[in-house]
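Top to bottom, those sequences are chains A and B. Read in order, the letters of the first sequence correspond to residues 1 to 405 in the working numbering. Read in order, the letters of the second sequence correspond to residues 406 to 810 in the working numbering. Glycine included, each C-beta is placed from N, C-alpha and C at the ideal position. Have a look at the structure below, then the notes.
2 protein chains.
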Amino acid sequence: MIKAAILGYGTVGSGVYNVIKSNSYLVNERAGQEIEIKYVLDLRDFPGDPVESVLTHDFEDIINDDEVKIVIEVMGGINPAFDFTMRCLEEGKNVCTSNKELVAEHGLELMHTARENDVNYFFEASCGGGIPIIRALNDCLTADDIDEITGILNGTTNYILTEMTENGASFSKVLKEAQKMGYAERDPSADIDAHDPARKIAILSSIVFGSSVDYKDIYTEGIRQITAEDIKYATTLGYAIKLLAEAKRTEDGVRAYVAPFLVEPSHPLYAINGVMNAVYVHGNMLGDAVFTGAGAGSLPTASAVVADVIDAARHDGKRAYCGWKHDEKLVLASNDSVKHKYLVRISTEDEGKANRVFSPDGFLDTISVGELEEEIAFITPELSEEDFETKAKAFGKVISRIRFY
Amino acid sequence: MIKAAILGYGTVGSGVYNVIKSNSYLVNERAGQEIEIKYVLDLRDFPGDPVESVLTHDFEDIINDDEVKIVIEVMGGINPAFDFTMRCLEEGKNVCTSNKELVAEHGLELMHTARENDVNYFFEASCGGGIPIIRALNDCLTADDIDEITGILNGTTNYILTEMTENGASFSKVLKEAQKMGYAERDPSADIDAHDPARKIAILSSIVFGSSVDYKDIYTEGIRQITAEDIKYATTLGYAIKLLAEAKRTEDGVRAYVAPFLVEPSHPLYAINGVMNAVYVHGNMLGDAVFTGAGAGSLPTASAVVADVIDAARHDGKRAYCGWKHDEKLVLASNDSVKHKYLVRISTEDEGKANRVFSPDGFLDTISVGELEEEIAFITPELSEEDFETKAKAFGKVISRIRFY
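Here it is in structure tokens:
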């Protein structure tokens with residue numbers, strides 16, 4: 001028997017309790033021993049709830065109980081999650097978390113402390129919800145040198161883009177509906193400004209490339225500016241607009257992007273719709289692999305957390321392997337010289353100028369959408385970020401621009 | 406340092422040697438110790454090849470060398486692979502294999518012997534090539550009760566069906582081309598008669614449901630009878646014909662199928678084309694998850710074998726968890742009462758009779774393909790296997806029939 005405590009009885013915390021209770025036979029069998037939830041920490045009371053008998057308001061009950069070997073931190077946010085996690089690790093307790101903010105911000109430090117105290121800090125649920133991508137990287141694709149990882153890592157924005165594509169609705173209308181249905185937060189900024197997928201790709205690339213990637217170093221562009229008109233052009237081209245989070249090893253070093261891209265139908269991430277997430281991985285032996293699943297939600301996220309709990313029980317007294325192991329920070333290469341084609345929308349009357357600026361040696365391919373009479377779009381040749389910015393500045397009147405993947 | 410031997414220096418064996426040498430730094434770091442290939446067993450000589458210095462023609466060199474702790478069996482076939490594996494396990498050597506015939510035929514017995522001798526028998530590469538599906542089931546999706554697993558598990562047949570769909574070519578023409586390109590064996594029966602995916606779904610469902618599924622008990626229908634005309638109807642409907650291997654827990658027990666199915670565009674396996682494989686899994690907490698990757702090929706398969714070697718090194722002296730653990734055989738439920746819609750092709754002149762037999766209370770929806778003037782197809786209501794067989798017998802003149810998934 002191994003005893004555990006859950007910090008936070010919110011959406012994920014109640015899911016974790018539910019998974020451990022509902023699947024107890026399987027969970028215990030796979031953990032190799034019975035897992036007992038001895039405490040649930042929350043400031044609130046839950047009269048009549050099954051957790052009532054194990055509920056505590058005081059973290060000290062947990063930290064001072066030597067029987068508790070696994071702490072499940074599903075509070076979210078940096079404070080007090082950071083202090084609680086640190087103290088647990090220092091006391092020789094394993095910690096499993098779904099807290100991507102905390103892992104992206106303090107993961108290295110926490111893993112260092114875990115190492116020093118010969119316990120494990122697991123965070124499968126911090127990226128891709130129920131998709132077992134972290135364990136895939138640490139324990140499954142171990143024979144490969146992974147040189148690229150690209151994902152749809154945020155369910156809210158993928159849902160919004162899918163709805164905009166399928167119904168032709170505006171960003172703000174779909175966002176409002178998503179908030180009503182609980183798919184988007186009241187303050188949706190972490191999702192729609194793409195801080196959330198930036199944190200997740202930072203975590204994943206730290207595992208893939210070995211050293212800490214700071215999410216604040218990653219070029220991050222959200223979907224707030226994507227309009228129903230942008231979607232119309234994408235659909236006319238037969239492409240989909242997807243918010244991709246990518247990290248890639250190049251000759252110049254590791255490069256990372258989080259931005260909306262035009263994705264062609266043959267790409268494996270093209271067909272990932274709604275709240276689903278997917279992660280594409282390229283290995284030097286394996287070639288292409290894609291992992292798809294529910295990127296959020298109480299039970300899928302809890303499923304990933306409980307898989308960590310089982311792994312913590314399996315590794316009781318032993319350290320599990322984690323690719324994110326070097327204490328130095330990974331300095332990302334600049335994106336300035338990265339080349340993409342761009343879809344650029346302009347006013348019809350500026351077509352001549354666009355040709356002069358963007359294609360001095362020939363004519364640009366243009367795309368028109370029937371209902372949008374006063375504008376056209378064109379596709380640039382492959383241009384570096386720097387080149388595109390210079391030309392766009394010289395041109396002056398771009399309505400919108402989206403990169404092709 | 407841990408020493409290993411490779412049995413068989415063919416396509417997979419040379420891939421394994423290559424992966425361990427090319428990625429040695431990563432492989433050793435992830436294994437926690439250096440992995441040295443001490444022997445390569447093959448009947449042939451390879452003058453000038455890097456394996457020349459470690460080549461042996463005599464299995465006794467390996468079995469009698471106590472330093473060898475990991476044996477990589479990539480010979481294929483039942484004999485002498487079975488005897489060699491058994492003797493290695495009895496001598497306390499871990500065995501990693503890509504040999505699906507052997508695992509499907511004698512897996513339970515071999516795992517039993519591994520257990521008794523406190524070593525591991527790993528077979529990640531036996532299903533889905535480079536897709537880490539076995540480790541996903543044993544080590545990643547551990548919090549879930551998996552109730553369904555469905556895959557495109559054979560690259561050759563998926564390549565043939567994709568080519569037939571994209572080029573309108575006949576089965577025999579595409580098969581010949583596939584043989585020329587090395588995508589299909591000279592004797593293609595294991596692939597096109599679907600014994601290969603039947604073995605793989607038997608292995609996967611043994612892990613998912615805990616007890617041994619005998620692949621010979623699984624209803625198995627290959628793609629030999631699929632014609633260019635069948636593909637035309639599928640394309641007209643907007644569907645794809647895919648050879649699916651499925652195992653599912655139902656009220657009556659576990660049911661399994663290997664057969665070509667009409668798959669709708671919104672299904673995650675619809676877009677898996679060419680030699681790619683994919684596995685769909687449904688868990689009671691996780692919901693849907695899909696794992697996609699190269700289903701065959703020297704390096705992707707070797708990547709999976711080497712991941713097993715790394716896991717064997719990590720588990721030196723310890724037993725790894727495997728869901729396939731019960732010694733009894735799993736008796737599959739009959740498929741007789743399973744209901745599907747069917748696409749049925751008939752001669753145009755038999756339409757009246759078809760309506761009388763298949764739809765006594767109304768008219769069947771029919772589909773015509775321009776070029777095929779003398780025939781039509783109709784879609785039946787949902788019918789059990791038994792019902793369909795009875796009606797098809799009464800009708801007498803079905804050109805072809807394919808189940809809808």
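Query	Result
Are A406 of chain A and D214 of chain A closer than 8 Å when you measure CB to CB?	Here chain A comprises residues numbered 1 to 405, so residue 406 of chain A is not present and cannot be evaluated.
Looking only at its chain, what residues have a beta carbon closer than 8 Å to the beta carbon of T165 of chain A, apart from the 5 residues adjacent to it on each side?	I231, A234, T235, A240 and I241
With a threshold of 8 Å between beta carbons, is I715 of chain B in contact with chain E?	Included in the structure are the protein chains A and B, with no chain E among them.
Can you list the alpha helix (DSSP H) stretches of 4 or more residues lying completely in the region 640–701 of chain B, in chain order?	none
So with Cβ pairs under 8 Å, would you call V51 of chain A a contact of chain B?	no
Residues of chain A with CB under 8 Å from M586 of chain B, in chain order?	Per Cβ cutoff of 8 Å: no residues; M586 of chain B is ~17 Å from chain A at best.
Should F428 of chain B go down as buried or exposed, given a rule of 16 or more other Cβ atoms within 10 Å for buried?	For the record, residue 428 of chain B in the displayed sequence is Asn; it is not Phe. Under this definition N428 of chain B is a buried residue.
Short of 7 Å in beta carbon distance, which residues of its chain neighbour F851 of chain B, apart from the five on each side in sequence? Order them along the chain.	There is no way to answer for residue 851 of chain B, as the model of chain B reaches only from 406 to 810.
Determine whether the Cβ of V306 of chain A lies closer than 8 Å to any Cβ atom of chain B.	yes
How close, in whole Å, do the beta carbons of G560 of chain B and G698 of chain B come, if the pair is a contact with beta carbons under 8 Å?	About 10 Å; that fails the 8 Å criterion.
Can you tell me the Cβ-Cβ gap for E506 of chain B and A709 of chain B, rounded? I've got them flagged as a contact below 8 Å.	Not really, about 16 Å apart at Cβ, beyond 8 Å.
Closer than 7 Å to a non-hydrogen atom of the ligand COA - does that hold for the CB of V74 of chain A?	The ligand COA is absent from the structure shown, which contains no ligand whatsoever.
Which residues in chain B sit within 8 Å of Y321 of chain A, going by Cβ to Cβ distance?	R435, G437 and R719
Looking only at C-alpha atoms, which of B:T555, B:L558 and B:A583 sits nearest to E568 of chain B?	B:A583
Look up N409 of chain A in the DSSP assignment and give the residues it is bridged to.	Outside the displayed span of chain A (1 to 405) sits residue 409 of chain A, for which this structure offers no information.
Given a cut-off of 8 Å, decide if A307 of chain A and P47 of chain A are closer than it, judged by their beta-carbon atoms.	no
Around the C-beta of L204 of chain A, are 16 or more other C-beta atoms found within 10 angstroms, so that it is buried, or is it exposed?	buried
Can you give me, in chain order, the residues of the region 533–544 of chain B that have a beta carbon less than 8 Å from any beta carbon in chain A?	G535, I536, P537, R540, A541 and D544
For the region 384–398 of chain A against the region 353–360 of chain A, do three or more pairs of beta-carbon atoms, one drawn from each stretch, fall closer than 8 Å, so that the two count as touching?	yes
Taking 8 Å as the CB-CB limit, is T547 of chain B close to chain A?	yes
Starting from H106 of chain A, trace the beta strand (DSSP E) both ways and give me its first and last residue.	First-last for H106 of chain A: K100 to E116, but that is the alpha helix (DSSP H), not the beta strand (DSSP E).
With a threshold of 8 Å between beta carbons, is N559 of chain B in contact with chain A?	no
Answer yes or no: do A650 of chain B and K605 of chain B have a C-beta to C-beta separation smaller than 8 Å?	yes
Scan the region 411–449 of chain B and note each continuous alpha helix (DSSP H) run of 4 residues or more that stays entirely inside, going in chain order.	416–427 and 429–436
Establish whether the CB of T165 of chain A and some CB of chain B are separated by less than 8 Å.	no
What's the C-alpha gap between K802 of chain B and L566 of chain B?	25 Å
Taking the alpha-carbon positions, what's the Y422 of chain B to D447 of chain B distance?	13 Å
Please go through the same chain and pick out, in chain order, the residues whose beta-carbon is closer than 7 Å to the beta-carbon of K325 of chain A, but skip the five residues on each side of it.	G210
May I ask you to verify whether the region 434–449 of chain B touches the region 147–154 of chain A, counting CB pairs closer than 8 Å and requiring at least 3?	no
Chain A beta carbons: is any one of them nearer than 8 Å to that of F696 of chain B?	yes
Is M491 of chain B close to chain A, meaning its C-beta is less than 8 Å from at least one C-beta of that chain?	no
Name the residues in the region 408–432 of chain B whose C-beta lies less than 7 Å from a C-beta of chain A; which are they?	V424, N428, L431 and V432
Specify, as a first and last residue, the run of the alpha helix (DSSP H) that E371 of chain A falls within.	No alpha helix (DSSP H) holds E371 of chain A; DSSP gives it neither H nor E.
Would DSSP call S805 of chain B helix, strand or coil?	strand
Short of 7 Å in beta carbon distance, which residues of its chain neighbour V714 of chain B, apart from the five on each side in sequence? Order them along the chain.	A409, I440, I475, I477 and C501
Please list, in chain order, the chain A residues whose beta carbon lies closer than 9 Å to that of G692 of chain B.	G130, G293, A294, G297, L299, P300 and S303
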